Structures are given as C-alpha cells and as structure tokens.
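Numbering (the working numbering), first residue to last: 951 to 1190. Glycine residues also receive a C-beta, built at the ideal position from the N, C-alpha and C atoms. All values reported here derive from a predicted model rather than from experimental measurement. Scroll down for the structure; my scribbles are underneath it.
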C-alpha cells in the first residue's frame, strides 16, 4: 500500500499510543568505504596488507548491512503478526480504544483498512466524548490525560483519512490518465493536454513504474521499451 505521507499524523499518533510500545533496537551503522571525504579511513595505502584490510572492511560492512536488513524484516514480520491477531471492534466507542492501542507505525495501515468505519458517525462520537471532557465541571488528572489522548487521536485520524482519500482520488485520476496516454494516437499532444489539466503528477509516474515492472516480470520486451520511452516523456512534463 502506498504510504499516506503524513509525517504530522505519525507525530500525533506517538502522543496517544499508550499501551503498546515498540521495541527499540540498535541501528547498525553501515559505512561506505568508497567515500571518505573526512579522511576517517586514513590515507590511501598500497600493498598486500592494505588490500587485506580493505577486504576486511568490506566484509564488516556487508555483515552490518545484512544484520540491518534482518532487523527490518523481523520488525515487519512482528507488525504483520500483531496486525493479523487484532480483532476489529463493532462500535465507535470500542474503535476509539482500538486506535488508541495502535502503534504509531501502524496507524496509516489501519486507517486504510478501516476507512469505511471512520465515517461521520465515528467522528461525531469522538467529538461528543471530547466535548464532555472539555466542559466537565471538575476534571481529574485521568480526565485531563484522556482529553490529551483523544485530541491527538482526532487530529491524527482527520489528517490520515484526508490524506488517504486524496491518495485514492489521485490514483483514480492517474489510471484514467494512463489509459488515455496508452490509447492515444498522439502521445505528445495527450501529455500536453494532461499538463494543462494538472493531471501529470507523481501518482501517474508511480502507476507507470508499476506497469513497467509488470512488463519486465512478464518478459514483455516491447511493452517494457514503450513504457521506458513513455516514462522519459512524462518526466519532461511532470509537475511536483
């Protein structure tokens, strides 16, 4: 699934995530032995010993890279297993608690998975609970904490659903644009038309890359060559 690209949402999510904690793992540092502008590796050396030392450094870098990749895969698998083990609740009240218990890194995925449930009824219930807490005559510390959690949750979900909806709309537009390009008798004219409509964007380029990858996997050389040429042409006109 494409990332929603909402850094502020992830930041907000870290405020209301309270019950599940992500295991912090040390990040392996990967050195680049071919680039040493600060002279950290020392002056260039020659001879058998220097070559042996260079080889050992390469091996250490390879081991560190493999260890880091293993850590990434293990974390992805842990999150996948946890995601599959969770039971989606039936009521808006329970769904609020469900999202409060969701790890920050998983919020985007859960928003996409549960987008139909994040409707007017859900947000009205969330707003109602927020109102009760804000205008309570006497507030306890627990109520203050709950208010902070729910405000952060509301902000994260509103931003997240907005980003998800925009992404879906962009993908639909990109599919229509790509179909128009592929069936056009004058590709350049069609590209210029899409530029005028502001429909030549990163979503279209992403979709084009996916089709290009599919063509390569299917060993469709002619289709892949056409997609490569089309990609070059799109990049000339693309808007950020």
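beta-carbon residue i near the ligand MG non-hydrogen atom, thresh 7 Å
i            : result
residue 1002 : The ligand MG is absent from the structure shown, which contains no ligands of any kind.
Continuous alpha helix (DSSP H) stretch holding residue i: start and end
i            : result
residue 1142 : 1137-1146
residue 1103 : 1091-1132
residue 1161 : 1152-1167
residue 1184 : 1171-1187
residue 1074 : 1070-1084
Candidates the options: closest to residue i by CA position
i            : options                   : result
residue 1158 : 1177, 1168, 1035 and 1014 : 1177
residue 1026 : 1038, 1173 and 1053       : 1053
residue 1191 : 1011, 1187 and 1022       : Since the first and last residues shown for the chain are 951 and 1190, residue 1191 lies out of range.
residue 1183 : 1163, 1165, 1040 and 1139 : 1139
residue 1106 : 1169, 1050 and 1017       : 1050
residue 1030 : 1056, 1101 and 1008       : 1056
residue 1137 : 1180, 1022 and 1032       : 1180
residue 1039 : 1047, 1033 and 1006       : 1047
residue 1185 : 1170, 1144 and 1017       : 1144
residue 1111 : 1020, 1063 and 1081       : 1063
residue 1161 : 1000, 1132, 1142 and 1020 : 1132
Assumed close pair residue i, residue j - CB separation to whole angstroms, cut-off 8 Å
i            : j            : result
residue 1114 : residue 1061 : 6 Å
residue 1100 : residue 1071 : With 8 Å as the limit, residue 1100 and residue 1071 do not qualify as a contact, their Cβ atoms being about 16 Å apart.
residue 1165 : residue 1173 : 4 Å
Every unbroken alpha helix (DSSP H) within the segment 1001-1066, with a cutoff of 4 residues, ordered by chain:
1042-1050 and 1057-1063
Would you check if the segment 1057-1068 and the segment 1086-1096 touch, i.e. whether three or more CB-CB distances between them fall below 8 Å?
no
For the segment 1145-1164 against the segment 1118-1127, are there 3 or more C-beta pairs whose distance is under 8 Å?
yes
Taking contact to mean 3 or more Cβ pairs, one atom from each stretch, closer than 8 Å, check whether the segment 1074-1085 and the segment 1124-1136 are in contact.
no
With a cut-off of 8 Å, do at least 3 Cβ pairs link the segment 1035-1043 to the segment 1095-1112?
no
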